[in-house]
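Each remark here refers to the structure printed beneath this line.
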Amino acid sequence: ARARGAVVGIASNATGTGYWIVTKAGHVYGFGAAHSVGSLKARHSHAAVVGIARTNGSGYYLLQANGRVTGFGSQTAKGSLRARHLHLRISGIASTPTGAGYWVSATDGRVFSFGNARGDHVTGPTPAGTIEGIVAAPTGVGYYLVARDGAVFSYGSALPITPVTHGPGDATIALSSGA
């Protein structure tokens, strides 16, 4: 199946034998052993979807631009930013290794934790500019934030990574350590 609409996220299932992609409109498409178990499009949601993260079973969390998180499959959402009225742009979601929690990032560098995720923090404006995404560290006790200009910031147990160039003309990503 080919996705219709702008794809905004991808997440692998718990076993790594499949993945889901999600569109801005909230359609979820499953590939391999990852089967779609629902979408926001069916719920007539008005806020755009900005990300997807796996749960600890056969489901996923969908993150909307207004900070709302909805769980599909085996988990319900562990919390949301929707009621906080933060007036900031939400940029990404990353689940813990167990899938029983997640972090939500905002473009100003703030990170909010839910479920078994730990480590709320506020970086304030980053030297690299707008934060566009988040990914969990393998240990689940930290995460990486990526800025629009490619700078990557590590927090908690996420170890700074040495930039690698593969040849002439390759862009080098500047990495720095956060908290």
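So the sequence shown is numbered by this note's numbering: it starts at 110 and just counts up by one.
For each residue, glycine too, the CB sits at the ideal point set by N, CA and C.
Everything numeric in this text was worked out from a predicted model, so none of it was measured.
Counted as a single uninterrupted DSSP element, the beta strand (DSSP E) harbouring Ala245 occupies residues 240–245. Scanning its chain for C-beta atoms nearer than 8 Å, with the 5 sequence neighbours on each side dropped, one finds around Ala156 the residues Gln173, Ala174, Asn175, Arg177, in chain order. Where Gly180 is concerned, the enclosing beta strand (DSSP E) starts and stops at 178–181. Runs of the alpha helix (DSSP H) lying entirely within the region 116–164, each at least 4 residues long, are absent. Within the DSSP bridge table, the entry for Ser214 names Gly201, Val220 as partners.
Leaving aside the five residues that flank Gly251 on each side, the residues in its chain whose CB is nearer than 6 Å to its CB run, in chain order, Tyr264, Gly265, Ser266, Ala267.
The region 196–212 makes no contact with the region 132–146; the number of CB pairs closer than 8 Å stays below 3.
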